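For the working numbering, count along the sequence shown from 1 and bump the result up by 584.
By construction, the Cβ of each residue, glycine as well, lies at the ideal position given by its N, Cα and C atoms.
Quick caveat: nothing in here was measured; it's all calculated off a predicted structure.
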Amino acid sequence: MFEALGQRFSSIFSGLRGKVSESDLKTFTSQIKNALLESDVSLSVADSFSNRIYEKAVERSEEINKSINPAQKIFEIVNLELTQILGGESRRVRYAKTSPTVILLIGLQGAGKTTLAGKLANYLKADGNTPLLVAADLQRPNAVTQLQVVGNSVNVPVFAPEPGNGVGDPVSVAKLSLNFAKDKLHNFVIIDTAGRTGIDEELMQQLNSIKATVNPNETFFVVDSMIGQNAVVTAQAFLAGVGFDAVVLTKLDGDARGGAALSIVEVTKKPIIFASTGEKINDFDLFYPDRMASRILGMGDIASLAESAKRAIPEEASKKLEDKFNKGEEFTFEDFLSQLEAMKNMGSISKLLGLLPNAVGLKKQLNNFDDTELVRTRAIIESMTPLERSNPKVLNGSRRARISRGSGRAISEINSLVERFAQAQKVMKQMRGGNMPAGLGSLPGMGQPVKPKQQEQSFKKKSRSGNPAKRALEEGN
585 MFEALGQRFS SIFSGLRGKV SESDLKTFTS QIKNALLESD VSLSVADSFS NRIYEKAVER
645 SEEINKSINP AQKIFEIVNL ELTQILGGES RRVRYAKTSP TVILLIGLQG AGKTTLAGKL
705 ANYLKADGNT PLLVAADLQR PNAVTQLQVV GNSVNVPVFA PEPGNGVGDP VSVAKLSLNF
765 AKDKLHNFVI IDTAGRTGID EELMQQLNSI KATVNPNETF FVVDSMIGQN AVVTAQAFLA
825 GVGFDAVVLT KLDGDARGGA ALSIVEVTKK PIIFASTGEK INDFDLFYPD RMASRILGMG
885 DIASLAESAK RAIPEEASKK LEDKFNKGEE FTFEDFLSQL EAMKNMGSIS KLLGLLPNAV
945 GLKKQLNNFD DTELVRTRAI IESMTPLERS NPKVLNGSRR ARISRGSGRA ISEINSLVER
1005 FAQAQKVMKQ MRGGNMPAGL GSLPGMGQPV KPKQQEQSFK KKSRSGNPAK RALEEGN
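This is the structure we're talking about:
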């Protein structure tokens, strides 16, 4: 997501060198504006954003040029403004004083409301809640059935008294769902409503009738982030016609530009509360403006990465590995297998690596990453005996041939895994010694490791200064 915008911002910042004149600032902010427009940000928002950066940079020009790194000061201004344009602070769901808390989902047909309803229910359930899904989209063919399938996949009940496909009154269904939720002790009611391929008066009237009947605590406008600048027009129409409290972005993983997110908040003054970043049910989380700004500017999102790891890795397994690490014990294939399982639970590995700082620089490796290799790697490790997993040094030719037959993988793949595992062991030792690894090549699916440039340069003889005083300083460093 925001891949193109992130690359453009990285390129623009690399052009800032030394002291920055007013002319440089004009060129810089003009480039920022063009980058935003290319990412489907609306013209008014791009204008406003670039103008604010220019005004603040001019206002602080003396401070910027007195600093050791003027570009860093401008970077801080852009980061702050980008965070503000994305909403400033992350928004949380408002709970009703008396259960159930009612959430109404509205938006155009095709925005992904039904799938989103299931993801939201799963998210709330994981937090200890008891959500109920309500099938109030009685227009779209098989919408009720789809919600039932989605609800079943996350083990959340669905209230669906009407068959849909043009049959039934959605207002009545929404009203009855509240009584059902109270009787069955559900503390959340998520109402999936009908959409249209375009905005029309009938849709607005139906949504207003449902809203007036259930008096929702939250009304979320669900928007497909891939529709570009049309997202702003649609958001304004729903805001005027029905009203909503917050925005939920879907299909953010497929949007290389992502200008919708930057435009909607600025134009509607409504925050983005959730974002759906993939097809899997867990590809859904709260939207953090500061973290998204950090990712766009190439600083990564370590906080989200850490949260994903914490959710995926059982506390007992994490503690066990930490104890082994602290005691200096050898990293084994058993540990490697547990880490692979955790990585699988965290979702797409290429997405997770995209949360690292300078992910733009890892673009080639991310594009070449094969998530299915985790499955193949697991098959190989599970074909090993306990002795082989704990002591890979015993893996001779006959043992590798047996593992090859057991896993259905070629011997060359066994050899490659053993080699990469040895590299992973070295990385663990380096980290234990306080040294961070320079490459990510030892990860499954990454292919061959990338040697850091410093390693290649270290063999070159360093020239010595002819000035004795300068040479003493160099040797002291």
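Tell me the DSSP bridge mates of residue i?
i      : result
ILE775 : LEU688, VAL718
VAL851 : Per DSSP, none; premise fails for VAL851.
ILE856 : VAL831
MET826 : According to the sequence shown, residue 826 is Val rather than Met. In the DSSP output, where bridge partners are listed per residue, VAL826 has none listed.
With distances taken Cα to Cα, identify the nearest neighbour of residue i among the options.
i      : options                         : result
SER605 : PHE597, VAL629, ALA641          : ALA641
MET788 : ARG986, GLY696, THR818          : THR818
PRO800 : THR682, GLN732, ASP808, GLY694  : THR682
PHE743 : PHE915, SER623, ILE965, THR729  : THR729
THR797 : LEU823, LEU769, ARG780, ASN763  : ASN763
GLY702 : GLY712, ILE690, THR803, LEU716  : LEU716
GLY750 : ASN999, THR777, THR861, VAL1011 : THR777
GLY712 : PHE612, LYS603, ASN771, LYS795  : ASN771
ILE865 : VAL740, GLY827, ALA821, ALA1008 : VAL740
MET968 : ALA985, SER634, VAL816, ALA710  : ALA985
ALA758 : VAL773, PRO747, ASP767          : VAL773
Specify, as a first and last residue, the run of the alpha helix (DSSP H) that residue i falls within.
i      : result
ASP631 : 627-643
GLU802 : It is not in any alpha helix (DSSP H) - GLU802 instead sits in the beta strand (DSSP E) that spans 802-808.
ILE811 : That residue, ILE811, is in no alpha helix (DSSP H); it is neither H nor E in DSSP.
ALA963 : 957-966
LEU600 : Run containing LEU600: none; DSSP gives neither H nor E here.
ARG984 : 981-991
LYS977 : No alpha helix (DSSP H) holds LYS977; DSSP gives it neither H nor E.
TYR679 : TYR679 -> no alpha helix (DSSP H), and no H or E assigned at all.
ILE533 : Past the edges of the chain, shown from 585 to 1061, lies residue 533, and the structure says nothing about it.
Quick one: using the 10 Å Cβ neighbour count with 16 as the cut-off for buried, is residue i buried or exposed?
i       : result
PRO1036 : Here the model assigns PRO1036 a pLDDT of 38, short of 50, so the residue's position is not dependable and the matter cannot be decided.
LEU704  : buried
SER614  : exposed
THR698  : buried
GLN790  : buried
ILE857  : buried
LYS617  : buried
ASP721  : buried
LEU627  : exposed
GLY1029 : Residue confidence for GLY1029 is low, a pLDDT of 45 falling below 50, so the modelled location carries little weight; the figure read from the coordinates is stated next. GLY1029 should be labelled buried.
ARG601  : exposed
ILE669  : buried
GLN723  : buried
ILE880  : buried
GLU1064 : There is simply no residue 1064 to check, as the chain begins at 585 and stops at 1061 in what is shown.
ILE848  : buried
THR685  : buried
LYS657  : buried
VAL978  : exposed
GLY671  : buried
ARG676  : exposed
Would you give the residue range spanned by the beta strand (DSSP E) that residue i belongs to?
i      : result
LEU833 : 830-834
ASP767 : No beta strand (DSSP E) contains ASP767, which is instead part of the alpha helix (DSSP H) from 754-767.
PHE659 : Run containing PHE659: none in the beta strand (DSSP E); it sits in the alpha helix (DSSP H), 654-669.
LEU870 : 868-870
inquiry  = So within the segment 727-751, which uninterrupted alpha helix (DSSP H) runs reach at least 4 residues, ignoring any that extend past its ends?
reply    = 727-737
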